[in-house]
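Okay, so here's the structure we're looking at.
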Amino acid sequence: MINEVSLETSTYNDIPHKFEAGTPAYAEAVALGAACDYLSTLGMDKIAEREHALTEHLWRSVRELPGIATYGPTPAEQPNRASLVCFTVEGCHANDLATLVDQERGVAMRSGHHCTQPLHKQLGIPASARLSAYFYNTFEEIDVAVGALKDAINLVRGDPSTDEAFALDPAMAAALADL
1 MINEVSLETS
11 TYNDIPHKFE
21 AGTPAYAEAV
31 ALGAACDYLS
41 TLGMDKIAER
51 EHALTEHLWR
61 SVRELPGIAT
71 YGPTPAEQPN
81 RASLVCFTVE
91 GCHANDLATL
101 VDQERGVAMR
111 SGHHCTQPLH
121 KQLGIPASAR
131 LSAYFYNTFE
141 EIDVAVGALK
151 DAINLVRGDP
161 STDEAFALDP
171 AMAAALADL
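The sequence shown: position 129 = 129 (UniProt numbering), numbered continuously.
Shown next as structure tokens:
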């Protein structure tokens with residue numbers, strides 16, 4: 001990119017080198033090759049089959065929770081869909097739920113607009129939450145995530161039995177009390 005830099009001027013390399021910023025991603029290219037080899041060894045059909053089973057379990061488990069509205073086609077309606085469930089929970093903001101399941105249970109749950117503000121506006125929702133899985137996840141991990149979500153929903157809704165389930169630290173309890 002740069003041929004020479006001084007306090008007064010900069011001299012750029014000739015085209016095409018002047019448009020290359022920094023060191024090329026050699027390590028990342030090697031890692032991508034290794035990842036492709038790994039996935040090929042497992043077999044993409046087997047990965048798709050596993051992912052579909054996990055997606056069905058995730059959808060079924062999330063939809064069993066009270067007050068849940070899910071968005072998008074179900075795994076039965078679109079078998080090759082992404083392995084995620086996007087949802088809102090009546091009486092709970094998605095960001096509150098994601099914060100609780102992350103900080104108190106270590107479960108990664110995405111919340112917000114997911115770069116789809118026009119869709120959220122059209123649906124009339126301020127934000128949504130999203131859980132996802134991939135072939136390396138287990139059914140038990142999905143159960144833990146959904147259990148954490150259930151406890152977070154109950155806590156946000158004011159169910160006192162979840163205070164112990166989350167074992168909230170005093171700072172988190174105080175922050176929730178102020179909501």
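All C-beta atoms, glycine included, are put in the ideal place defined by N, C-alpha and C.
How big is the Cα-Cα spacing for Asn-95 and Ile-153?
As a working note, residue 95 is residue 95 in the sequence shown. As a working note, residue 153 is residue 153 in the sequence shown. Distance between the alpha carbons of Asn-95 and Ile-153: 12 Å.
Taking Cβ positions, are Val-101 and Leu-149 nearer each other than 7 Å?
Stepping through the sequence shown from its first residue, residue 101 is reached at position 101. Stepping through the sequence shown from its first residue, residue 149 is reached at position 149. Yes, these two residues count as a Cβ contact at 7 Å.
Mind reading off the beta-carbon distance from Phe-135 to Arg-50? Whole number of angstroms is fine, and I expect it under 8 Å.
Counted from its first residue, the sequence shown places residue 135 at position 135. Counted from its first residue, the sequence shown places residue 50 at position 50. Indeed they touch by this definition, with Cβ atoms about 4 Å apart.
Are the CB atoms of Ser-111 and Ala-133 nearer to each other than 7 Å?
Within the sequence shown, numbered from 1, the residue matching residue 111 stands at position 111. Within the sequence shown, numbered from 1, the residue matching residue 133 stands at position 133. Not closer than 7 Å, so no.
Taking only three categories from DSSP, how would you classify Tyr-136?
One-based indexing of the sequence shown puts residue 136 at position 136. In the structure shown, Tyr-136 falls within a coil segment according to DSSP collapsed to helix, strand and coil.
CA-to-CA distance, Val-5 to Thr-74, given in whole angstroms:
By 1-based counting over the sequence shown, the position of residue 74 is 74. By 1-based counting over the sequence shown, the position of residue 5 is 5. Rounded to the nearest angstrom, the two C-alpha atoms are 57 Å apart.
Please confirm if Val-146 has its CB atom under 7 Å from at least one CB of chain D.
This model lacks chain D altogether; it includes just one protein chain.
Check this for me: beta carbons of Ile-125 and Thr-88, under 7 Å apart or not?
Along the sequence shown, one-based indexing puts residue 125 at 125. Along the sequence shown, one-based indexing puts residue 88 at 88. Yes, the pair counts as a contact, with Cβ atoms nearer than the cut-off.
With a 10 Å radius around its C-beta and 16 neighbouring C-beta atoms as the bar for buried, classify Thr-23 as buried or exposed.
By one-based count along the sequence shown, residue 23 stands at place 23. Exposed: under 16 other Cβ atoms inside 10 Å.
Three-state secondary structure (DSSP) of Cys-36:
Taking the sequence shown and counting its residues from 1, one reaches residue 36 at position 36. Assigned with DSSP and collapsed to three states, Cys-36 falls in helix.
Would you report the Cα separation of Tyr-12 and Met-1, rounded to the nearest angstrom?
The residue you call residue 12 lines up with position 12 of the sequence shown. The residue you call residue 1 lines up with position 1 of the sequence shown. Rounded to the nearest whole angstrom, the CA to CA distance from Tyr-12 to Met-1 is 6 Å.
Taking the alpha-carbon of His-113 as reference, which of Leu-155, Lys-121 and Gly-106 has the nearest alpha-carbon?
Counting from one through the sequence shown, the residue named residue 113 turns up at place 113. Check the Cα spacing between His-113 and each of Leu-155, Lys-121 and Gly-106: the tightest is with Lys-121.
Assuming Leu-58 contacts Leu-131 under a Cβ cut-off of 8 Å, what Cβ separation, rounded to an integer in Å, is found between them?
Within the sequence shown, numbered from 1, the residue matching residue 58 stands at position 58. Within the sequence shown, numbered from 1, the residue matching residue 131 stands at position 131. Correct: roughly 6 Å between the Cβ atoms.
Return the residue from the list Gln-117, Asp-151, Leu-65 and Asn-80 that minimises the CA-CA distance to Asp-45.
As a first step, residue 45 is located in the sequence shown; it is residue number 45 there, counting from the start. Closest by alpha carbon: Asn-80.
Range of the contiguous beta strand (DSSP E) that encloses Thr-70
Looking up residue 70 in the sequence shown gives position 70. Note, Thr-70: beta strand (DSSP E), 68 to 71.
If I'm right that Leu-119 touches Met-109 with Cβ under 8 Å, what's the distance once you round it to whole angstroms?
Within the sequence shown, residue 119 is the residue found at index 119, counting from 1. Within the sequence shown, residue 109 is the residue found at index 109, counting from 1. Rounded to whole angstroms, the Cβ separation of Leu-119 and Met-109 is 19 Å, and the two are not in contact under 8 Å.
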